[in-house]
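Colleague: Take this structure, written in C-alpha cells, and hold onto it; I'll ask about it next.
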Amino acid sequence: MPKLPVKNFSSHPGAPIEQPRLYSVQTDSYKWFIDKGIAELFEEISPIKSHVGDLELYFVDSYFGEPKYDEKEVNTKGITYEAPLRARLKLINKKTNKTKEQEVYLGDFPIMTDRGTFIINGVERVVISQLIRSPGIYFTVNVYRGRKLFGGKIIPNRGVWLELETDSDGSIGIKIDRHRKVAATALLRVFGMTDDEMKKEFKDRLKPTLEKDDANNIPDSYLEVYKRIRPGDLATADDAKRLIDAMFWDSSRYDLSSVGRFKLNQRLQMASSVSRMLGLSDLIKVIHEVISLNNNPKAEPDDIDHLSNRRVRAVGELLESRLRVGFARLRRNVQDKMSTLDPETMNPVSLVNPRLLTSVVQEFFSSSSVSQFMDQDNPLSEVEHKRRLTALGPGGLTKERASLEVRDVHTSYYAKICPIQSPEGQNIGLVNYFTNFSKLNEYGFIIAPYIKVEKGKLTGKVVWLDASEEEKYKIAASNTNFDKQGNIVVSQVDARIKGEPGVCLTEEIDFIDISPNQLVSVATSLIPFLEHDDANRALMASNMQRQAVPSIKPDAPYVGTGMEDLVAHDSGYLIFSDVDGTVTEVDGSHVTVKPATGKTKVYELTKFKMSNKYMAIDQKPLVNKGDKVKKGDVLADGHAMDHGTLALGQNLLVAFTSFGGLNFEDAIILSERVQRDDLFTSIHIQDFFVDVRDTKLGPEITTPDIPNVA
C-alpha cells in the first residue's frame with residue numbers, strides 16, 4: 001500500500017513510549033470486571049445462608065461462554081451482543097451433611113467488542129467513565145469570628161458518613177450521617193476506648209469535649225449516639241449496641257473499599273493497614289489531625305477539586321455496582337426459596353433465578369445516564385466518546401447544583417484531563433476528556449507518564465505519577481532544551497513546583513514531561529499550531545471536529561500534527577493484514593491475501609452500513625491484485641480516512657479578500673469546482689418503513705404522487 005509522504009518539522013524527538021490504545025480505558029476496565037469484579041461479587045454474597053441456618057449456598061467459580069452470534073449478525077438482527085455467564089454452585093445441608101454441586105446458568109450478559117463498545121438491541125453504545133469524589137478522609141474548615149475551626153469528613157464507599165466539627169469552645173463533635181452532633185469522646189468509647197486511655201493519648205486536648213459529653217461509660221455512650229441517629233426512639237443499651245455495631249462493623253453495610261483505605265493511610269501517614277473497616281486507631285489519628293490543624297495558624301483545608309481527591313469509575317466498576325444490587329435481590333430470593341422448598345429435592349439450579357441479575361444489567365445499559373448512544377459522526381467522535389469523563393450521573397453531581405469551582409480547570413488536571421475540550425452548554429466543565437498518554441491506576445486515579453531526570457540529565461526511565469505524587473516533585477516542560485545525550489543545556493528551567501508554575505535550577509529537576517501533546521485530548525491535539533489559538537476558539541474547534549461529516553472523497557490534511565494516523569488506527573475501521581503475503585483477490589466486498597505458508601486469509605469489507613448518526617460506514621480497498629503486503633500493512637480504508645490517515649475535511653485554496661461584499665462577516669464563497677467535484681458531498685443512510693395494507697377495495701398502491709394534487 002503506498003503511504004502518504006510525510007515531512008516532520010518538529011524539533012522534539014518524540015515520546016520514548018507508545019501511546020496506550022485510545023480505547024484502553026474501556027477495554028482494561030471491562031477486563032478487570034471479567035477477571036476480578038465478578039469474583040469479588042461472589043466473595044461478598046457467598047455463602048447465602050437460610051433463615052434457620054441449616055442450608056448454605058456457595059458460589060465456587062464462574063466463566064463466560066461463547067457468544068451465540070458474532071458482531072455482524074447482532075447488528076443485522078437487531079439483538080444484543082452477549083454471552084452466557086455460568087457458575088459452579090455448592091449447596092450444603094448442615095442437618096444431613098449432604099453436598100450438592102451444580103453448574104448454574106446466571107443469564108446472558110452484554111460483552112464488549114474489541115473497539116470498547118457494546119451492541120445493545122443492534123445499536124452500538126458506550127459506557128462513559130465517571131469522575132467522582134474518592135472515598136477517604138477530607139479536612140474542612142469553618143471560619144468563626146476570624147478564627148479557623150477545622151473539621152473532617154470520613155467518606156466510605158458504602159455506609160454512614162462521619163463529619164467532625166470543632167466548636168468555638170474547642171470541643172470536637174461528630175455528626176453521623178448528617179444527624180445531630182455527638183461528642184467525639186462518646187464515639188471513641190463506642191469504638192472501645194476508655195476514659196483513662198483517652199487522657200493518656202490526648203492529654204488535656206480533649207478536656208472541652210469531655211466536659212460537654214453527657215456519657216461517662218460505654219453503655220451510656222451507645223445510648224448518646226443512638227439518640228442522635230434515632231431521635232424520639234426509646235432504646236436499651238443492648239438495642240443501641242446492636243444497631244451501632246452493625247452500622248460500623250458489618251461488612252455488608254460499611255465498606256471503606258481499598259481506595260478509601262489507601263487514601264486514609266496516605267493522608268494520615270499511617271502504616272499500610274488493609275482493613276476495609278474504620279478502626280479505633282483511624283479515629284484517634286483523625287482527631288489528632290483535627291487538633292493539630294486547629295493549633296497551626298498556617299494550616300489549610302484539603303482541596304476537594306484536586307485530582308488526588310477525585311477518582312474515575314470506569315465501565316467495569318459501574319457494572320459491578322449495578323450487579324451488586326442484583327446479587328442482593330438474588331440473596332433475598334434464594335433465602336425465601338430455602339424456606340419454602342423441600343430440602344431433600346432442593347438443588348442449586350432450583351434456587352437461582354437468573355432474571356434477577358439480567359434485569360439490572362439490562363436496565364443499566366438501556367436507561368443509565370452513563371450508558372450512551374455512541375457518537376458515530378466520524379471516527380474521531382467515536383474515539384473521543386470512549387475517552388469521555390462525566391461528573392454527572394448516579395452518585396455524582398447535578399447540572400443545577402454544580403458550582404463554578406467544580407467546573408473550573410484545576411492545576412492538577414495537567415497531563416490528565418484536557419483543559420480545552422468540554423461542551424459549551426450547561427455541561428461545561430462537568431463533561432471532560434482524558435489527555436493523550438493518561439490512563440488509570442489500580443485505584444481509579446488518573447496517572448500520567450514522565451521521564452526521570454537525575455542531575456540535569458534525562459535517564460530515559462518512564463515513571464507514571466498520580467496527582468498527589470506530582471506535588472512532591474519539580475517537573476519540567478517537554479520543550480526544555482536538551483542535547484542528544486539527554487543533558488539539559490540551560491541553567492534554569494520553567495517547571496511545575498507543587499503543581500504551580502515556577503522557575504528552578506536544572507539540578508533540582510526530578511522529571512520532565514514526555515511529550516508536548518500530553519497536555520491535551522486527542523481532538524485538541526489534531527489542531528495544528530494549537531499554541532497560537534485562543535483557548536475558547538480551540539474548544540470550539542475540538543468540538544466541531546467531532547461533528548465533521550465524512551465526505552465521499554476523503555482528503556488527508558497537508559498540515560497535520562502526527563495524531564491523524566493514531567486516530568485512524570484505533571478507530572477500528574482500518575483493515576490490517578495479519579500475515580506477510582500476496583494479494584490474490586480484491587473487490588468492493590473483500591480482500592484476499594495468500595501467505596507463503598498456511599491458509600489464505602479473506603478480509604470482509606463493510607459496505608454502506610448505517611451509523612448511529614445515519615452516516616455511511618464504508619470500507620474501500622487500498623491494495624491491488626498482485627501487491628506484496630507485510631504484516632500490519634493497511635489493506636482497506638474506513639470512512640473519513642485517506643491511505644490510513646484521518647481525513648475529516650478537504651485541502652482548499654483559501655483567499656482572504658473582499659468579494660463585492662458577498663463574504664460579509666462570516667459568509668464564505670465557494671468556487672464552482674468544490675460543488676462540481678463533490679468535495680463536500682456526503683452519503684447518509686436512513687431506513688423508512690411504509691405499511692401497504694389490504695383493504696376492502698383491494699391492496700393500497702404505493703406512489704410518490706399526492707392524491708388529488710399530482
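In this text, residue positions in the sequence shown follow full-length UniProt numbering: the first is 1, and each later residue adds one.
No residue lacks a Cβ here, since even glycine has one placed at the ideal position from N, Cα and C.
Everything numeric in this text was worked out from a predicted model, so none of it was measured.
Just the C-alpha distance for residue 631 and residue 593, rounded to the nearest angstrom, thanks.
Modeller: Near 11 angstroms, if we compare the C-alpha coordinates of residue 593 and residue 631.
Colleague: Taking buried to mean at least 16 other C-beta atoms within 10 Å of its own C-beta, is residue 198 buried or exposed?
Modeller: It is buried - the Cβ of residue 198 has at least 16 other Cβ atoms within 10 Å.
Colleague: Could you check what DSSP says for residue 495 in three-state terms: helix, strand or coil?
Modeller: Residue state, collapsed to three classes: strand.
Colleague: Taking 7 angstroms as the threshold (beta carbon to beta carbon), is residue 214 in contact with chain D?
Modeller: The chain inventory of the structure shown lacks chain D, comprising one protein chain alone.
Colleague: DSSP has residue 55 in a bridge; who is on the other side?
Modeller: Per DSSP, 93.
Colleague: For residue 299 and residue 202, which I take to be in contact (beta-carbon distance under 8 angstroms), what is that distance rounded to the nearest angstrom?
Modeller: Incorrect: roughly 18 angstroms between the Cβ atoms, too far for contact.
Colleague: With burial defined as no fewer than 16 other Cβ atoms inside 10 Å of the residue's Cβ, what is the status of residue 581: buried or exposed?
Modeller: Flag for residue 581 reads buried.
Colleague: Please indicate yes or no: does the CB of residue 260 lie closer than 6 angstroms to some heavy atom of the ligand ATP?
Modeller: No copy of the ligand ATP appears in this structure; indeed no ligand is present at all.
Colleague: How about residue 334 and residue 92: do their beta carbons lie closer than 7 angstroms?
Modeller: Cβ distance not < 7 angstroms, so residue 334 and residue 92 don't count as in contact.
Colleague: Looking only at its chain, what residues have a beta carbon closer than 8 angstroms to the beta carbon of residue 711, apart from the 5 residues adjacent to it on each side?
Modeller: Outside the shown range of the chain, which is 1 to 710, sits residue 711, and nothing can be said about it.
Colleague: Can you check DSSP and say which residues form a bridge with residue 432?
Modeller: Answer is 389.
Colleague: Pick helix, strand or coil for residue 371, following the three-state DSSP scheme.
Modeller: Residue 371 falls in the strand class under three-state DSSP.
Colleague: When you compare each of 674, 675, 656 to residue 666 by their alpha carbons, which one comes out closest?
Modeller: Considering only alpha carbons, the answer is 656.
Colleague: Quick one: give me the first and last residue of the alpha helix (DSSP H) that residue 3 is part of.
Modeller: Per DSSP, residue 3 belongs to no alpha helix (DSSP H) and is neither H nor E.
Colleague: Under a Cβ-count criterion, where at least 16 other Cβ atoms within 10 Å of its own Cβ denotes burial, should residue 445 be classed as buried or exposed?
Modeller: Per the 10 Å Cβ criterion, buried.
Colleague: Using DSSP with H/G/I as helix, E/B as strand and the rest coil, what is residue 151?
Modeller: Strand at residue 151.
Colleague: Could you compute how far the alpha carbon of residue 694 sits from the alpha carbon of residue 706?
Modeller: Using only the alpha carbons, I get a separation of about 20 angstroms.
Colleague: Using three-state DSSP, classify residue 194 as helix, strand or coil.
Modeller: Three-state result, residue 194: coil.
Colleague: Can we say the segment 410-429 touches the segment 282-294, given the rule of at least three CB pairs closer than 8 angstroms?
Modeller: Short answer: they don't touch.
Colleague: Please classify residue 545 as buried or exposed, where buried requires at least 16 neighbouring CB atoms within 10 angstroms.
Modeller: Buried, because 16 or more other Cβ atoms sit within 10 Å of the Cβ of residue 545.
Colleague: Going along the chain, which residues of its own chain have a beta-carbon closer than 7 angstroms to the beta-carbon of residue 405, five neighbours each way excluded?
Modeller: Here the set comprises 305.
Colleague: What separation, rounded to the nearest whole angstrom, lies between the Cα atoms of residue 647 and residue 540?
Modeller: Looking at the two C-alpha atoms, the distance is approximately 19 angstroms.
Colleague: Which runs of the beta strand (DSSP E) fall wholly inside the segment 496-529 and span at least 3 residues, in chain order?
Modeller: DSSP runs (the beta strand (DSSP E)) wholly in the segment 496-529: 500-505, 511-513.
Colleague: Applying the criterion that 16 or more other CB atoms from any shown protein chain within 10 Å of the CB defines a buried residue, is residue 686 buried or exposed?
Modeller: Residue 686 should be labelled exposed.
Colleague: Of all the options 270, 472, 659, 63, which has the alpha carbon lying nearest to the alpha carbon of residue 104?
Modeller: It is 63.
Colleague: Could you please give the first and the last residue of the uninterrupted beta strand (DSSP E) stretch that includes residue 595?
Modeller: Looking at the DSSP string, the run of the beta strand (DSSP E) that includes residue 595 is 590-595.
Colleague: Per DSSP, what kind of secondary structure is residue 79 in: helix, strand or coil?
Modeller: Residue 79 falls in the coil class under three-state DSSP.
Colleague: Measure the alpha-carbon distance for residue 551 versus residue 627 and round it to whole angstroms.
Modeller: Approximately 27 angstroms between the Cα atoms of the pair.
Colleague: Give the secondary structure of residue 105 by DSSP, where H, G and I count as helix, E and B as strand, and everything else as coil.
Modeller: If DSSP states are grouped into helix, strand and coil, residue 105 belongs with the strands.
Colleague: CA-CA distance, residue 674 and residue 589?
Modeller: Those two C-alpha atoms are separated by around 29 angstroms.
Colleague: Given residue 684, which residues of its chain have a CB within under 8 angstroms of its CB, disregarding the five upstream and five downstream residues?
Modeller: Excluding sequence neighbours, residue 684 sits near 614, 615, 616.
Colleague: Return helix, strand or coil for residue 464, following the three-state DSSP convention.
Modeller: Here residue 464 sits in strand by DSSP.
Colleague: What is the DSSP secondary structure of residue 166, counted as helix, strand or coil?
Modeller: Correct three-state label for residue 166: strand.
Colleague: Once the 5 residues before and after residue 462 are set aside, which same chain residues still bring their CB inside 8 angstroms of it?
Modeller: Answer for residue 462: 16, 17, 449, 450, 451, 452, 514, listed in chain order.
Colleague: Please work out which residues of its chain come closer than 6 angstroms, Cβ to Cβ, to residue 108, disregarding the five sequence neighbours upstream and downstream, and give them in chain order.
Modeller: 82, 84.
Colleague: Per DSSP, which one or two residues make a beta bridge with residue 313?
Modeller: Residue 313 pairs with 130.
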